[in-house]
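There are 2 protein chains.
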Amino acid sequence: MTAQIDCKVPQDPQSPEDRVALDSEGAAELAVGFKALADPNRLTLLTLIAADAAGEACVCDLTEPLGLGQPTVSHHLKVLVDAGFLTREKRGTWSYYSVVPGALQDLFNSLTDWTTP
Amino acid sequence: MTAQIDCKVPQDPQSPEDRVALDSEGAAELAVGFKALADPNRLTLLTLIAADAAGEACVCDLTEPLGLGQPTVSHHLKVLVDAGFLTREKRGTWSYYSVVPGALQDLFNSLTDWTTP
DNA sequence: CTCATGGATTGACATCCATCGATATTCCTG
DNA sequence: CAGGAATATCGATGGATGTCAATCCATGAG
Numbered sequence: 004m005t006a007q008i009d010c011k012v013p014q015d016p017q018s019p020e021d022r023v024a025l026d027s028e029g030a031a032e033l034a035v036g037f038k039a040l041a042d043p044n045r046l047t048l049l050t051l052i053a054a055d056a057a058g059e060a061c062v063c064d065l066t067e068p069l070g071l072g073q074p075t076v077s078h079h080l081k082v083l084v085d086a087g088f089l090t091r092e093k094r095g096t097w098s099y100y101s102v103v104p105g106a107l108q109d110l111f112n113s114l115t116d117w118t119t120p
Numbered sequence: 004m005t006a007q008i009d010c011k012v013p014q015d016p017q018s019p020e021d022r023v024a025l026d027s028e029g030a031a032e033l034a035v036g037f038k039a040l041a042d043p044n045r046l047t048l049l050t051l052i053a054a055d056a057a058g059e060a061c062v063c064d065l066t067e068p069l070g071l072g073q074p075t076v077s078h079h080l081k082v083l084v085d086a087g088f089l090t091r092e093k094r095g096t097w098s099y100y101s102v103v104p105g106a107l108q109d110l111f112n113s114l115t116d117w118t119t120p
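So the protein sequences, as listed, match chains A and B. Its first residue numbered 4, the first sequence is counted upward by one per residue in our numbering. Its first residue numbered 4, the second sequence is counted upward by one per residue in our numbering.
Right, here's the structure in full:
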């Protein structure tokens, strides 16, 4: 499940009136993206990886600045990958994570499209 | 507590190296804003109020389209107000909620400032 | 003043989630 | 193949959260 959502057309017009608000399906999909950002440690992870000179980081580099255990960091990274904000590239024993360039902007546009007609 | 955050300068340089990533305090403050958006019903509330012709809505108009009880809707609205996304104006017996224009953009800029140097 | 109505608050309950310890998996090295 | 290292996964647990029923508060009507 990704966070790239730009569903604007109501494909299920159960109410005859024109739907100008987010339907429950689109809202749930949008919430998945925001849920991934609703944790301080995940936000820090994003900024840590983005601030890296090579644009990528492995788990071993991220556990220490967060003060969390390796399984917890791995879990947070998985959440961010599933939401479409990070990509994982495995090279040897190490997993390198990088930020997906337009993911945050896309998520935000998906919401502002509804709040600013 | 509001969501308007643009803290960029480290006012507490406990580590001698230059801090290029989000500190824990800023991350927690940012997460409050995203937590408020991490719920489908709250996202729908935002779009419902924004889609209103007058730009405002009272609780009685919002309970039916959400299919939630009045206390629950009131709770969600409070979360959005506390996060700085909505304002409440009480006129008579009714409470009218409106969206704060630049709040979402500010929250997003606060994160993208860190992820795109 | 009394009552009705819209909304906010409280308490309870079920569920979700962040975190950790332990374990499994994958890959490199010798 | 044996061993070690980096990471992912699993199970458990304490805390946070969404929801509702009941109640309280404030305002307008009579």
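Every residue, glycine too, gets a C-beta built ideally from N, C-alpha and C. Keep in mind the model is a prediction, meaning the values are calculated, not measured.
Residue i vs residue j beta-carbon contact at 8 Å
i                     : j                     : result
residue 83 (chain A)  : residue 46 (chain B)  : no
residue 60 (chain B)  : residue 51 (chain B)  : yes
residue 41 (chain B)  : residue 37 (chain A)  : yes
residue 86 (chain A)  : residue 39 (chain A)  : yes
residue 49 (chain A)  : residue 88 (chain A)  : yes
residue 100 (chain B) : residue 80 (chain B)  : yes
residue 102 (chain B) : residue 53 (chain B)  : yes
residue 69 (chain A)  : residue 76 (chain A)  : yes
residue 74 (chain A)  : residue 30 (chain B)  : no
residue 107 (chain B) : residue 118 (chain A) : yes
Cutoff 8 Å: residue i Cβ touching any chain A Cβ
i                    : result
residue 10 (chain B) : Caution applies to residue 10 (chain B), whose pLDDT of 39 falls short of 50 and renders its modelled position unreliable; the model cannot decide the point.
residue 90 (chain B) : no
residue 23 (chain B) : yes
residue 34 (chain B) : yes
residue 77 (chain B) : no
residue 99 (chain B) : no
Where the alpha helix (DSSP H) through residue i begins and ends
i                    : result
residue 66 (chain B) : 62-69
residue 33 (chain B) : 27-40
Residues that DSSP places opposite residue i in a beta bridge
i                     : result
residue 102 (chain A) : A:89
residue 45 (chain A)  : Looking at the DSSP assignment, residue 45 (chain A) forms no beta bridge with any residue, so it has no partner.
residue 97 (chain B)  : B:94
Min CB distance residue i to chain B below 8 Å
i                    : result
residue 86 (chain A) : no
residue 27 (chain A) : yes
task: Could you please tell me which residues of the stretch 101-119 of chain A, in chain order, have their CB closer than 8 Å to any CB of chain B?
output: 102, 107, 108, 111, 114, 115, 117, 118, 119
- request: Taking only beta carbons into account, state which residues of the stretch 37-63 of chain B come closer than 7 Å to chain A, listed in chain order.
  value: When C-beta distances to chain A are compared with 7 Å, the residues of the stretch 37-63 of chain B below that value are 37, 38, 40, 41, 42, 43, 46, 47, 49, 50, 51, 53, 54, in chain order.
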